[in-house]
Amino acid sequence: MVWPSPGASALMARSPLSPSDPLHAEHLGSYPLLALALDHRPGRNRWVLWFTVGWIVALGPSSPRHLGGGGTLGKAGGTAVKQCPFPTALTWLIILMSVTVTTITGLSISAISTNGKVKSGGTYFLISRSLGPELGGSIGLIFAFANAVAVAMHTVGFAETVRDLLQEHNSLIVDPTNDIRIIGVITVTVLLGISLAGMEWEAKAQILFFLVILVSFINYLVGTVIPATAEKQAKGFFSYRADIFAQNFVPNWRGPEGSFFGLFSIFFPSATGILAGANISGDLKDPAVAIPKGTLMAIFWTTMSYLVLSATIGACVVRDASGSLNDSVAVGSPGCEGLACSFGWNFTACAQQQSCRYGLSNYYQSMSMVSGFGPLITAGIFGATLSSALACLVSAPKVFQCLCKDQLYPLIGFFGKGYGRNSEPIRGYMLTYVIAVGFILIAELNAIAPIISNFFLCSYALINFSCFHASITNSPGWRPSFRYYSKWAALFGAAVSVVIMFLLTWWAALIAFGIVIFLLGYVLYKKPDVNWGSSMQASSYNMALNYSVGLSEVDEHIKNYRPQCLVLTGPPNFRPALVDFVGTFTKNLSLMLCGNVLIGPRKQKMPESRLMADGHTKWLMKRKIKAFYTDVVAEDLRSGVQMLIQAAGLGKMRPNILVLGYKRNWRTASPESLEDYVGILHDAFDFKYGVCVMRMKEGLNVSRVLQAHVNPTFEAAEHPENGTGSRAAPGTADPTTLASEQQASTIFQSKQGKKTIDIYWLFDDGGLTLLIPYLLGRKKRWGKCKIRVFVGGQINRMDEERKAIVSLLSKFRLGFHEVHILPDINQKPRPEHIKRFDELIAPFRLNDGFKDEATVNEMRQGCPWKISDEEVDKNRAKSLRQVRLNEILRDYSRDAALIAITPPIGRKGRCPSSLYMAWLETLSQDLRPPIILTRGNQENVLTFYCQ
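Structure below.
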């Protein structure tokens, strides 16, 4: 029997076709089983004829993978199922169901292949460039493997046919099983030689196979109209009869078990080859034209062939026949039952005993019997199996070569090398050959065949889902020139493909999904550095946009408060400790923006801004910091920070905390930069931001070390320790250098062990001073640290105040249980420390002798940072408090992992910038652990209410 399928695709190279040639483009419709697209091979004066002629062939009741039964959907792969003597109605339904899936998939392939230039790689290329490397890589690997094993399956089909012929003539080489192995290995070796000879030889071989199949098919159709001989009538063939067609139109189930879906599972593998043409996309000059035309025409013509064959065989052959010439009787003889009686044949006895050897229900070579010349059917089997095997032998290496070049998986890059003008995957051919030989030597492929079918169906499902996903994301880049597709039909095709996988073989479907998920997980873990503009990226954008817009429609609530930080890092790689600190407590929790102010003329700095942004983002990704990078160009630092504070963020995802490094060089820096720094803090409070200033003993800015490595002539003055802006620093604008430079390690990257996080909660700022250490303590590296809370109090009420604070903290559910009251916080500091503070502010004093305000303002013209004698006197208590706090910090928190303290606030216009910086310097000096000066904007960030 020969059964047409849209399975095995091939390329045929022939001389240029003239308009009168019967195979010219405008005459394609007159040739069944021929679906093609005319295309020029690059650089050659030849036409390429791409066609699909695959056939499912029956070699007998134990034939692996092939459809068993001459017109009977019965046995497949040696597994007995309930037989149905060619129910034409159900057969058509099965065919149309299969064609529905393949047609939808064909439309999806056509849409994807016309949305940009398609290179080599076929199915893998289409899926990976649509859905991304994760799904594309997993499908590419199993699809290439499936094609390699399919070579073995088709070759074993050919070898079984030859073995059966040898067995009929008592000419076995060794024994039936080893003969299959010997013939199969020899055959696949010959096919390998054809493939290695080049696509021209492969195309010529496919032409030969196609002609043999076409002759075999015509031979069958001719046989159906030749009047039946007595011998054929005894086997159940009576030419075209309406009553035979009517009887065979409805099912007649036989056997202990079986179902419609059981028959469907037998037939559907014949529809799993429509991707063979797309797999040779690299050998076509214009795949965007050839793939849609060839695939859809292949599906159409082979569908017509399926329907014609099922109708013709069902209208010619009865279900049961004995094959004995002695069973002929006169028409209308008594005791004769069955349709054959009206044709003069009595098959009643064998039909009742179910011992008939012939007829649609019993004889698996019915199509050979019906045909005009039986051996041509065997030749058609040869052509079909060899054509399919050769097509798979070509497809697998080309798909695998593209996958290897993308380097998504380790240890396979060796097979990606191409040879010759067309970059032929010679190594891939040899690997496919080894795999095919290995499975041929098994000589029993019934166990692996269901898994391979499911691999093909996985590809179907993902191609349809790729089309649907690319359409649903509304990406402007999705503009296929092929318009005859539907995103909902594609989604239906994807869902049906998955359902069919489980209907065919549920355990094979689970295995296939397990392999896909494993490979998917590996690529997700490795995160290959590729960017193909996949629909997944477009989907991520859509989701982010929709959620951001939706978030703007919801009123803010204190329970949903998150510390969203604008971090003035300058170039992030210059201040890694600041980046690591904020990244630790914002990771998977809230927004982090790394801001950089590029100081200088806009025309000069804009190119640098565009160049640097990508490098800094990659540096953050390499450091595994979940943050955004943004920069602005401004004339000075303060105006740039004002831009960032006002414009950074999107909707409700806007920063509410300004984080910056402490300005260590404030005493030696220019007075203007000092004014800018303190002014930035005031601006943050004016814009309702909280402020967090970080100071470390060794400093934050490592740019001097980095630049000394890149440029030994770098001077530190180019990058003042202000935690904010940057000028034109040599070697910082190269994205590749930034991403590949050695990562500096910081204290926030190491485990802190059983140290303490000390919180000095001195003012009610809304709870921000408590919240940040709490979030930090939830992280694994800080999880073993004990959090201690220090508050001021009176010595005679220490127990009451401690209980009150513990009760308040318990209502906040922060888990802080260790509270210390500081009764000596208001004591006078030691004289030497007071003297040190006075020496600290001495260079910045105006020494006006307590003159009136007008005189002081006149003396301070051009130097607003100067401190008048009256300001020193009025703020004396506050100054001494900072001195005393520093003594307390050194006494209680010498060995802490981190100190968080509420800093003082200098009133704008009442406290000169130099005096305020002297307070911060005095408060945080000579401390070994990092210190975080945190002050909220009086907005509550903690609540003990549930609504």
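Each residue of the sequence shown is one higher than the one before, starting from 1 at the first, in the UniProt record's numbering. Ideal placement from N, C-alpha and C gives every residue a C-beta, glycine not left out.
Item                                                                                                                                                                                    : Value
Where do the ends of the beta strand (DSSP E) carrying residue 1006 lie?                                                                                                                : As displayed, the chain neither begins before 1 nor continues past 947, which places residue 1006 out of reach and without an answer.
State yes or no: is the C-beta of Lys626 within less than 8 Å of the C-beta of Lys587?                                                                                                  : yes
Return the CA-CA distance between Asn940 and Met592, expressed in angstroms with no decimal places.                                                                                     : 20 Å
Which runs of the alpha helix (DSSP H) fall wholly inside the stretch 84–117 and span at least 4 residues, in chain order?                                                              : 88–113
Classify Ile377 as buried or exposed, calling it buried when 16 or more other Cβ atoms lie within 10 Å of its own Cβ.                                                                   : buried
If I'm right that Ile299 touches Gly106 with Cβ under 8 Å, what's the distance once you round it to whole angstroms?                                                                    : 5 Å
Cα separation between Gly793 and Lys780?                                                                                                                                                : 33 Å
If we ignore side chains and look at the alpha-carbon of each, how far apart do Leu309 and Ile472 end up?                                                                               : 40 Å
Please identify the residue among Met653, Gly344, Val582 and Gln646 whose C-alpha is closest to the C-alpha of Lys624.                                                                  : Val582
Would you tell me roughly how many angstroms separate the C-alpha atoms of Asn454 and Cys316, rounded to the nearest one?                                                               : 35 Å
Excluding the 5 residues preceding and the 5 following Leu889 in the sequence, name in chain order all residues of the same chain whose CB lies nearer than 7 Å to its CB.              : Ile899 and Leu927
Using the rule of at least 16 other Cβ atoms within 10 Å of the residue's Cβ for burial, across every protein chain shown, is Lys663 buried or exposed?                                 : buried
Could I get the ranges of all uninterrupted alpha helix (DSSP H) runs contained in the stretch 530–612, with 4 residues as the minimum, in chain order?                                 : 535–552 and 576–586
What does the alpha-carbon distance come out to for the pair Cys341 and Gly335?                                                                                                         : 10 Å
From Thr617 to Cys594, what distance separates their C-alpha atoms?                                                                                                                     : 10 Å
Name the DSSP beta bridge partners of residue 949, please?                                                                                                                              : In the structure as shown, the chain starts at 1 and stops at 947, and residue 949 therefore has no counterpart that could be examined.
Beta-carbon within less than 6 Å of Met917's beta-carbon, same chain only, minus the 5 sequence neighbours each way: which residues are those?                                          : Trp666
Would you mind working out which of Pro864, Glu870, Leu840 and Asn826 sits nearest Asn847, comparing C-alpha positions?                                                                 : Glu870
Using the rule of at least 16 other Cβ atoms within 10 Å of the residue's Cβ for burial, across every protein chain shown, is Cys863 buried or exposed?                                 : exposed
Excluding the five sequence neighbours on either side, which residues of its own chain have a C-beta within less than 6 Å of the C-beta of Pro397, listed in chain order?               : Pro425, Gly428, Tyr429 and Thr432
So Ser128 and Leu520 are in contact, right, with Cβ under 8 Å, and what is the actual spacing, rounded?                                                                                 : The pair is not a contact, with the Cβ atoms about 12 Å apart (cut-off 8 Å).
Spell out the partners DSSP gives Ala634 in its beta bridges.                                                                                                                           : Ile599
Please work out which residues of its chain come closer than 7 Å, Cβ to Cβ, to Arg795, disregarding the five sequence neighbours upstream and downstream, and give them in chain order. : Checking the sequence, you will find Ile at residue 795 rather than Arg. Same-chain partners within the cutoff: Pro823.
With respect to the beta strand (DSSP E) encompassing Arg935, which residues constitute its N-terminal and C-terminal limits?                                                           : Ile931 to Arg935
Hey, Val101 and Val496 are a contact pair by Cβ (cut 8 Å); roughly how many whole angstroms apart?                                                                                      : 5 Å
Could you check the C-alpha separation between Asn326 and Gly380 for me, to the nearest Å?                                                                                              : 33 Å
Check this for me: beta carbons of Phe844 and Lys874, under 8 Å apart or not?                                                                                                           : no
Run through the stretch 340–384 for me and flag every whole beta strand (DSSP E) of 3 or more residues, listed as ranges in chain order.                                                : none
What three-state label does DSSP hand Thr177 in the structure shown?                                                                                                                    : helix
In whole angstroms, what separates the C-alpha of Lys156 from that of Pro450?                                                                                                           : Note on identity: in this sequence residue 156 is Val, with Lys being the wrong assignment. Near 16 Å, if we compare the C-alpha coordinates of Pro450 and Val156.
Taking Val789 as part of the beta strand (DSSP E), name the residues at either end of that continuous run.                                                                              : Lys786 to Gly792
On the premise that Cys392 lies in contact with Asn178, defined as a C-beta separation below 8 Å, what is that separation, rounded to the nearest angstrom?                             : With 8 Å as the limit, Asn178 and Cys392 do not qualify as a contact, their Cβ atoms being about 24 Å apart.
According to the neighbour-count rule (16 or more other Cβ atoms, all chains shown, within 10 Å of its Cβ), is Arg479 buried or exposed?                                                : exposed
Closer than 6 Å by C-beta to Leu408: which residues in its own chain qualify, once you throw out the five before and the five after it? Chain order, please.                            : Pro133, Gly137, Val523 and Pro528
Using C-beta distances below 7 Å, list every residue in its chain close to Ile226, excluding the 5 sequence neighbours before and after it, in chain order.                             : Gly372
Please determine if the stretch 893–907 and the stretch 847–861 are in contact, where contact requires at least 3 C-beta pairs separated by less than 8 Å.                              : no
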